[in-house]
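First comes the structure, then the notes that go with it.
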Amino acid sequence: MVSMTLRKARVTCPLDCPDACSLIATIDDTRNALLQIEGDPRHPMTQGFACVKTYRYPERQHHPLRPLYPLKRVGQKGEGRFERVSWEAALDDIAARLKDTLKQYGAETVLPYYYAGTMGLMQYEHPLTFFRAIGASELETTICATAGRAAWVATYGDRLGTDPEDVTQARFILLWGINSLHTHTHLTPFLKKARQNGARIVHIDPYENLTSRFADEHVKIRPGTDAALAYGMARAIVKAGLHDTAYIARMTTGFEAFMQAAEAWTPERVEAVTGVPAATVERLGLEFAQARASFIRTSYGLTRHPGGASALRAVILLPALTGAWQHRGGGALLSTSGAFALNRRYLGGQHLLAQRTPPPRRVNMTQLGTALTALEPPIRTLFVFNSNPAVVAPRSDLVQKGLLREDLFTVVLEQALTETTRYADYVLPAATFLEHPDLYTAYGHYYLSWNEAQMPPQGEARPNTWVFAELGKRLGLEEPTLYWDAETLARSLLDTDHPWLGGIALERLKAEGFVRLNIPPDFRPFTERAATPSGKVQFDPPPQVILTEPTRDFPLILMTPPAKHFLNTTYGHIERLVQGQGGEPVLLVHPRDAQACAVADGALVRIRSQHGAVVRRVRVSEAPIRGTVVLEGTWWEQSAPDGKGINWLTGEHLTDMGEGSTFHSNPVRLEALD
Numbered sequence: 001m002v003s004m005t006l007r008k009a010r011v012t013c014p015l016d017c018p019d020a021c022s023l024i025a026t027i028d029d030t031r032n033a034l035l036q037i038e039g040d041p042r043h044p045m046t047q048g049f050a051c052v053k054t055y056r057y058p059e060r061q062h063h064p065l066r067p068l069y070p071l072k073r074v075g076q077k078g079e080g081r082f083e084r085v086s087w088e089a090a091l092d093d094i095a096a097r098l099k100d101t102l103k104q105y106g107a108e109t110v111l112p113y114y115y116a117g118t119m120g121l122m123q124y125e126h127p128l129t130f131f132r133a134i135g136a137s138e139l140e141t142t143i144c145a146t147a148g149r150a151a152w153v154a155t156y157g158d159r160l161g162t163d164p165e166d167v168t169q170a171r172f173i174l175l176w177g178i179n180s181l182h183t184h185t186h187l188t189p190f191l192k193k194a195r196q197n198g199a200r201i202v203h204i205d206p207y208e209n210l211t212s213r214f215a216d217e218h219v220k221i222r223p224g225t226d227a228a229l230a231y232g233m234a235r236a237i238v239k240a241g242l243h244d245t246a247y248i249a250r251m252t253t254g255f256e257a258f259m260q261a262a263e264a265w266t267p268e269r270v271e272a273v274t275g276v277p278a279a280t281v282e283r284l285g286l287e288f289a290q291a292r293a294s295f296i297r298t299s300y301g302l303t304r305h306p307g308g309a310s311a312l313r314a315v316i317l318l319p320a321l322t323g324a325w326q327h328r329g330g331g332a333l334l335s336t337s338g339a340f341a342l343n344r345r346y347l348g349g350q351h352l353l354a355q356r357t358p359p360p361r362r363v364n365m366t367q368l369g370t371a372l373t374a375l376e377p378p379i380r381t382l383f384v385f386n387s388n389p390a391v392v393a394p395r396s397d398l399v400q401k402g403l404l405r406e407d408l409f410t411v412v413l414e415q416a417l418t419e420t421t422r423y424a425d426y427v428l429p430a431a432t433f434l435e436h437p438d439l440y441t442a443y444g445h446y447y448l449s450w451n452e453a454q455m456p457p458q459g460e461a462r463p464n465t466w467v468f469a470e471l472g473k474r475l476g477l478e479e480p481t482l483y484w485d486a487e488t489l490a491r492s493l494l495d496t497d498h499p500w501l502g503g504i505a506l507e508r509l510k511a512e513g514f515v516r517l518n519i520p521p522d523f524r525p526f527t528e529r530a531a532t533p534s535g536k537v538q539f540d541p542p543p544q545v546i547l548t549e550p551t552r553d554f555p556l557i558l559m560t561p562p563a564k565h566f567l568n569t570t571y572g573h574i575e576r577l578v579q580g581q582g583g584e585p586v587l588l589v590h591p592r593d594a595q596a597c598a599v600a601d602g603a604l605v606r607i608r609s610q611h612g613a614v615v616r617r618v619r620v621s622e623a624p625i626r627g628t629v630v631l632e633g634t635w636w637e638q639s640a641p642d643g644k645g646i647n648w649l650t651g652e653h654l655t656d657m658g659e660g661s662t663f664h665s666n667p668v669r670l671e672a673l674d
């Protein structure tokens with residue numbers, strides 16, 4: 001029997017979640033095996049527990065579907081048939097084909113497609129140095145946060161907010177458009193403490209979920225009508241004289257125009273549009289204002305509509321209306337990411353991008369399907385890393401049609417044999433967060449973290465940056481930052497005189513694992529200044545109310561919010577998580593909608609949009625508001641009854657600000673199967 005040599009190591013979860021948890025990994029060095037993941041009890045946000053997904057990471061680390069060696073396509077595109085090749089052969093061939101593309105068609109026909117499969121800055125953003133060095137097309141990373149970012153920046157300037165650790169001091173909490181028990185799990189202990197201190201918690205969301213049941217009250221709202229509700233609450237607050245006139249005069253601009261717009265949103269009109277009873281609209285406004293230390297935790301879900309950015313602006317202006325920012329625990333939070341004032345000059349070749357004349361061609365990732373099938377000149381070479389666009393991007397029909405093009409050379413760097421890898425000419429095995437060092441910010445707290453590599457890579461897996469450095473050598477690229485290691489990049493990022501990063505050197509991060517930014521203990525943002533052009537919180541221009549509406553042919557609105565057991569498609573092949581989520585994707589349908597569509601509980605139904613159709617099993621439930629159908633999670637296609645992902649239904653239309661995705665605004669109809 002082989003004896004085990006066990007040790008525990010601290011690491012940071014790399015996945016796209018605000019919590020950026022500090023974790024304790026149990027590793028068997030004899031077998032190079034990850035045995036267990038637990039939450040780090042030392043971390044003030046993680047508090048010793050991890051989410052249900054993260055506990056299963058050992059299964060992902062050692063999953064049979066993890067590619068461990070470079071693979072070259074031998075079958076037709078889409079078949080997923082490959083043969084093992086050496087790194088030298090793969091890199092030589094990729095570099096040769098890339099040289100041909102650059103010579104024949106130009107650099108703009110090369111496109112990187114990536115997102116936040118890892119949040120480590122070295123492996124997430126720094127690979128872009130390669131593409132900016134060769135002059136490739138620039139990817140606009142719009143699929144998640146750009147609408148929310150644009151809305152927040154237009155309103156407050158700085159992308160930060162109430163310290164989550166201060167939420168215990170809040171006295172009225174709105175969880176607005178966020179299923180926080182799924183997507184910001186580590187806020188929950190602070191919410192519980194706030195409740196113990198007397199806070200009331202209200203969840204505003206189109207369907208009942210785990211967070212709704214945790215809250216003291218659930219207010220169901222029609223998707224895409226959040227701006228109308230916010231205006232109705234603002235009107236009630238001002239009519240009752242509960243707005244903070246001193247704060248408004250000192251810290252804001254555009255209040256009069258905002259209230260002129262709000263005046264049109266009577267409680268009765270708000271009810272007609274949102275489905276929220278008129279009395280509830282007024283009561284919510286008054287409760288929010290009377291609490292003074294009132295707090296809104298929102299997220300990007302409510303921005304995934306044509307008017308999503310305007311809706312978010314209307315919601316996050318409520319704390320400015322009441323002066324809630326002045327009270328500890330009061331205010332709002334979308335993201336803390338703007339607090340990490342790192343020196344990003346060289347991250348991902350930013351300095352190269354700034355020097356480009358003329359500017360590069362830009363491709364919106366939300367419109368990848370159109371880019372792969374209609375863009376001129378066509379994309380000839382596609383590199384995919386940290387993402388699974390065959391399933392996660394809108395218009396799966398167009399995306400997969402484009403990936404099938406024989407004149408498109410596709411290289412995918414991956415940790416699992418996803419749907420996208422089936423279309424690859426080469427699949428290159430990517431290292432996991434346990435196998436490379438990296439620096440991590442967060443967007444749900446104020447701690448900066450460092451990871452050391454804790455395990456040798458499985459098989460011949462390699463970090464993203466290693467791959468692009470090797471290609472850079474073969475192309476003769478001389479840009480020095482392309483060949484930086486993680487420590488050199490981290491030192492460059494930390495080379496800043498911003499006071500919030502004072503004294504935070506790499507040596508300290510390596511010794512402590514995570515360090516809180518130098519933010520004052522009684523941090524109350526937007527009480528002295530805002531980083532807007534006026535230096536004040538911007539009520540102007542008044543947010544628009546742009547509604548998400550069904551049509552006669554497609555009378556229901558489809559929403560696809562996150563599932564408890566998945567994080568996008570990262571865990572979609574972990575069988576125990578798939579079973580924990582019910583084994584297959586299920587469509588939640590209100591009883592009256594089910595009756596109107598003649599579909600029964602447990603039956604398979606065809607969901608049709610203007611873009612396509614998929615088949616799903618129905619669960620008749622009071623959970624969604626009438627007129628809305630809900631399917632939780634972005635599942636791997638293999639789990640669906642018809643082998644199609646939900647994004648066969650979603651469109652490429654963009655938000656009002658930030659050119660973001662609109663995943664929650666798709667009119668559909670249900671058709672009973674024969």
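At position 656 of the sequence shown the residue is numbered 656 (full-length UniProt numbering), and the sequence of numbers has no breaks. Cβ atoms here follow ideal geometry from the backbone N, Cα and C, with glycine treated the same way.
* Rounded to whole angstroms, what's the CA-CA distance from V380 to L286? Just pull it up for me. => The sequence shown places Arg at residue 380, rather than the Val named in the question. R380 and L286: Cα-Cα distance of roughly 57 Å.
* Proximal residues to R60 (C-beta, below 7 Å), its chain only, five neighbours per side dropped -> Y571, I574
* **Beta-carbon proximity check, P127 vs T373, cutoff 8 Å** => no
* To do: In the DSSP assignment, find the alpha helix (DSSP H) that holds R474 and state where it starts and stops.
  => 464 to 475
* Asked: Roughly how many angstroms separate the alpha carbons of C597 and P591, rounded to a whole number?
  -> 10 Å
* Asked: DSSP three-state call for A343: helix, strand or coil?
  -> It should be pointed out that residue 343 corresponds to Asn in this sequence rather than to Ala. N343 falls in the coil class under three-state DSSP.
* Those residues which DSSP pairs with V202 across a bridge -> L174, E217
* Quick one: what's got a C-beta closer than 7 Å to K536's C-beta in the same chain, skipping five residues either side? -> M251, T252, T253, A530
* Specify, as a first and last residue, the run of the alpha helix (DSSP H) that S396 falls within. => 396 to 403
* **Reduced DSSP secondary structure (H/G/I, E/B, other) of A324** => helix
* Asked: So, is N388 buried or exposed, given that buried needs 16 or more other C-beta atoms within 10 angstroms?
  -> buried
* To do: For S212, collect the residues of the same chain with a Cβ closer than 6 Å to its Cβ; drop the 5 residues on either side in sequence, then sort them by chain order.
  => H203, H218
* Does the distance from the CB of A291 to the CB of F190 come in under 8 Å? -> no
* So, A257 versus D540, is the Cβ gap smaller than 8 Å? -> yes
* Should the segment 472 to 485 be regarded as contacting the segment 410 to 425, the criterion being three or more beta carbon pairs within less than 8 Å? -> no
* Asked: If we ignore side chains and look at the alpha-carbon of each, how far apart do R344 and L111 end up?
  -> 22 Å
* **Reduced DSSP secondary structure (H/G/I, E/B, other) of V153** => helix
* **N518 burial status per 10 Å Cβ neighbour count (16 or more: buried)** => exposed
* **Where M365 sits in the DSSP three-state scheme** => helix
* Asked: Alpha carbon to alpha carbon, what distance is there between P641 and A278?
  -> 42 Å
* With DSSP as the reference, label V2 as helix, strand or coil. => Note that V2 scores 48 on pLDDT, short of 50, meaning its location in the model is unreliable; the coordinates nonetheless yield the value given after this. Three-state result, V2: coil.
* Asked: Less than 8 Å separating the beta-carbons of I316 and W152?
  -> yes
* **Rounded C-alpha distance that separates T628 from P223** => 8 Å
* Asked: Once you ignore the five residues that flank residue 687 on each side, which residues in its own chain have a CB closer than 6 Å to its CB?
  -> The requested residue 687 does not occur in the structure, where the chain is confined to residues 1 to 674.
* To do: Compute the beta-carbon to beta-carbon distance between P585 and G633, rounded to the nearest angstrom, for a pair I have assumed lies under 8 Å.
  => 7 Å
* To do: Pull up the distance between the alpha-carbon of R304 and that of V545, whole angstroms please.
  => 14 Å
* To do: Would you list the one or two residues that DSSP bridges to Y207?
  => P624
* Asked: Counting Cβ pairs closer than 8 Å, one from the segment 8 to 24 and one from the segment 439 to 447, do we hit at least three?
  -> yes
* Asked: With a cut-off of 8 Å, do at least 3 Cβ pairs link the segment 102 to 117 to the segment 126 to 140?
  -> yes
* **Close beta carbons around residue 676, own chain, < 8 Å, minus the five adjacent residues each side** => What is shown of the chain runs 1 to 674, which leaves residue 676 out entirely.
* In the structure shown, what three-state DSSP assignment does I296 receive? -> strand
* Mind checking S86: buried by the 16 CB within 10 Å criterion, or exposed? -> exposed
* Output the distance between the C-alpha atoms of G580 and G135, rounded to the nearest integer angstrom. => 45 Å
* Asked: Where do the ends of the beta strand (DSSP E) carrying residue 689 lie?
  -> With the chain covering only 1 through 674, there is no way to say anything about residue 689.
* **Start-to-end residues for the beta strand (DSSP E) that takes in Y571** => No beta strand (DSSP E) contains Y571, which DSSP labels as neither H nor E.
* Between G338, H184, A246, which lies nearest to L501 when the distance is taken from Cα to Cα? -> G338
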